[in-house]
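One structure below.
Residue numbers (my numbering): 136 to 697.
See the structure below:
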């Protein structure tokens, strides 16, 4: 049977049950020719090459697997490492092994016995393992601390100077910005917003102080500080005044030590000499210092002692001596002559030498009588004495002015105008009716420009509650004027600027009002001289006017009569 065509034959072959899937049936009646000889030869060569390569690969793998690999310890690798820290750690480990051999791990002896892991350890092995772990932890802590400390030291050493220089530059830049903003003529803040100017310039001064402490440019700091200070002085009502000498005992050839000064009944200064214990009247116009009181004279059965305290009130000069006697000197002419009388004081002999001050206050100036206020630290009280009607003394028992006794040992000055002003421990307070009232001097706010305010001397001018109270600031060498009103407002500041040399320590002073209502004068005493300064605008001479030369100082001592 022959199929009609090849297509039918293919269909029949596909439908036969013996035909396997994926096997192409061979055409019936046709055979495939055998491969050629060259083809067989090339196949054989290719198979041989693949077998040779496979064998070489197996040999190489066998050789690398058979070679032993040497593993080095951490210490051996660290000893040859390129890192300085790893080499240092390896050296530390060597030192620890030499110093503490029990901490090292020794290799076990070779043995043919089978190694079995029974999971049990002896007590010695457990302790050794713990010591090893402790040593490892200690070494790690030492290394971490050392590396951290070294890093911090290097970083701090390299950045401290850079940080300081950067802070100085920033402070100078901020100061310059603040000053330029405050003094900008276009905005005119000094007129439109003075409080803003004050804030800006104080901030600039603080930055300049920071730059100066950090070693900034001296010239730049001085230039900026001058601009800020000039404007701040206007805001804080500061004026500078120059002192003049009224009388110099050193120039007169005398060894002198002034301990007290008051304005006498004739308006001239009177001083106590601590060396002689005498009281002198100073006449600046004549250049004369005249003795008005000296110790060692017998009057009315009592010998005069060394003068300790001075007070002036009404027509009298009051002298308290070292024998607890109270004397009254009243001038009789304008040349320094007068009469000396002893005043009777109830229990005056009990005052002692620790009395800080004696102040007279005339409630009615027309009578010539005045009350005495005695500051007695031993009694922790201010004793108030009423005068006798005939003015011969103070026979009545004193009354205590202070409602609550207080410590008065640190009091440096006192002024009385009906109220009592005192400076104690660098603080100015007012007392009314025996107790401190609510009056306090206003804060100035210029602590960045000048030293901390330390009032050591208080002086009163004008009536109670309506006049002016002056305070001497010993730290900044300035006189500050405060209102006696409840506000205690600061009215003006006057800085004593002595071009001839440093200002000496002021032992006392008073305010001399101007006769024409002009600027007052501050009169004070230093150790060897009496000086003054006008608190206001400097006085200029009229054109063509001449100034009389200052007379040479002369000390006049009365000749005692036999």
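All C-beta atoms in this analysis are idealised placements derived from N, C-alpha and C, irrespective of residue type, glycine included.
Residue burial classification, residue i (beta-carbon count within 10 angstroms, cutoff 16)
i: residue 578; result: exposed
i: residue 445; result: buried
i: residue 228; result: buried
i: residue 488; result: exposed
i: residue 588; result: buried
i: residue 279; result: exposed
i: residue 676; result: Any reading at residue 676 is ruled out, since the residue's pLDDT is 36, under 50, leaving its predicted position unreliable.
i: residue 432; result: exposed
i: residue 608; result: buried
i: residue 158; result: Note that residue 158 scores a pLDDT of 49, beneath 50, so its modelled location is shaky; the value from the coordinates is reported in the next line. Residue 158 is exposed by the Cβ-count criterion.
i: residue 419; result: buried
i: residue 547; result: buried
i: residue 665; result: buried
i: residue 156; result: Low confidence applies to residue 156: its pLDDT is 47, below 50, so where it sits in the model is not reliable, and the reading given next is rough at best. Residue 156 comes out exposed.
Cα-Cα separation between residue i and residue j, rounded to whole angstroms
i: residue 690; j: residue 478; result: 28 Å
i: residue 148; j: residue 171; result: 30 Å
i: residue 673; j: residue 611; result: Here the model assigns residue 673 a pLDDT of 47, short of 50, so the residue's position is not dependable and the matter cannot be decided.
i: residue 430; j: residue 332; result: 59 Å
i: residue 622; j: residue 652; result: 24 Å
i: residue 482; j: residue 645; result: 30 Å
i: residue 517; j: residue 511; result: 6 Å
i: residue 746; j: residue 529; result: Because the chain in this structure spans residues 136 to 697, residue 746 falls outside the shown range and cannot be described.
i: residue 667; j: residue 658; result: 4 Å
i: residue 370; j: residue 614; result: 16 Å
i: residue 413; j: residue 466; result: 16 Å
i: residue 462; j: residue 329; result: 55 Å
i: residue 352; j: residue 300; result: 11 Å
i: residue 193; j: residue 175; result: 27 Å
i: residue 410; j: residue 387; result: 16 Å
i: residue 559; j: residue 315; result: 42 Å
i: residue 354; j: residue 362; result: 13 Å
i: residue 127; j: residue 230; result: This structure cannot settle anything about residue 127, because the visible part of the chain is limited to 136 through 697.
i: residue 573; j: residue 656; result: 29 Å
i: residue 221; j: residue 214; result: 7 Å
C-beta atoms of residue i and residue j nearer than 9 Å
i: residue 628; j: residue 372; result: yes
i: residue 561; j: residue 591; result: yes
i: residue 441; j: residue 424; result: no
i: residue 454; j: residue 435; result: no
i: residue 360; j: residue 340; result: yes
i: residue 520; j: residue 537; result: no
i: residue 447; j: residue 400; result: yes
i: residue 552; j: residue 620; result: no
i: residue 415; j: residue 397; result: no
i: residue 449; j: residue 402; result: no
i: residue 654; j: residue 669; result: yes
i: residue 437; j: residue 460; result: yes
i: residue 404; j: residue 660; result: yes
i: residue 337; j: residue 302; result: no
i: residue 641; j: residue 618; result: no
i: residue 392; j: residue 380; result: no
i: residue 550; j: residue 595; result: yes
i: residue 631; j: residue 376; result: yes
i: residue 390; j: residue 384; result: yes
i: residue 273; j: residue 224; result: no
Residue from the options whose Cα sits closest to the Cα of residue i
i: residue 625; options: 526, 616 and 351; result: 616
i: residue 509; options: 407, 350, 265 and 491; result: 491
i: residue 349; options: 305, 234 and 176; result: 305
i: residue 313; options: 323, 342 and 604; result: 342
i: residue 663; options: 175, 417, 354 and 234; result: 417
i: residue 543; options: 564, 533 and 526; result: 564
i: residue 310; options: 327, 284, 325 and 358; result: 358
i: residue 515; options: 234, 524 and 539; result: 539
i: residue 394; options: 452, 406 and 385; result: 406
Limits of the unbroken alpha helix (DSSP H) element including residue i
i: residue 331; result: 329 to 348
i: residue 226; result: 219 to 234
Chain D within 9 Å of residue i, Cβ atoms only
i: residue 551; result: In the displayed structure, chain D is absent; only one protein chain is listed.
Enclosing beta strand (DSSP E) for residue i [first to last residue]
i: residue 383; result: 379 to 383
i: residue 355; result: Run containing residue 355: none in the beta strand (DSSP E); it sits in the alpha helix (DSSP H), 353 to 370.
i: residue 574; result: Premise fails: residue 574 is in no beta strand (DSSP E) and is neither H nor E.
i: residue 459; result: Per DSSP, residue 459 belongs to no beta strand (DSSP E) and is neither H nor E.
i: residue 398; result: 393 to 398
i: residue 511; result: 506 to 511
i: residue 667; result: 664 to 669
i: residue 541; result: Element bounds for residue 541: n/a, residue is neither H nor E.
i: residue 521; result: Premise fails: residue 521 is in no beta strand (DSSP E) and is neither H nor E.
i: residue 486; result: Per DSSP, residue 486 belongs to no beta strand (DSSP E) and is neither H nor E.
i: residue 592; result: 590 to 596
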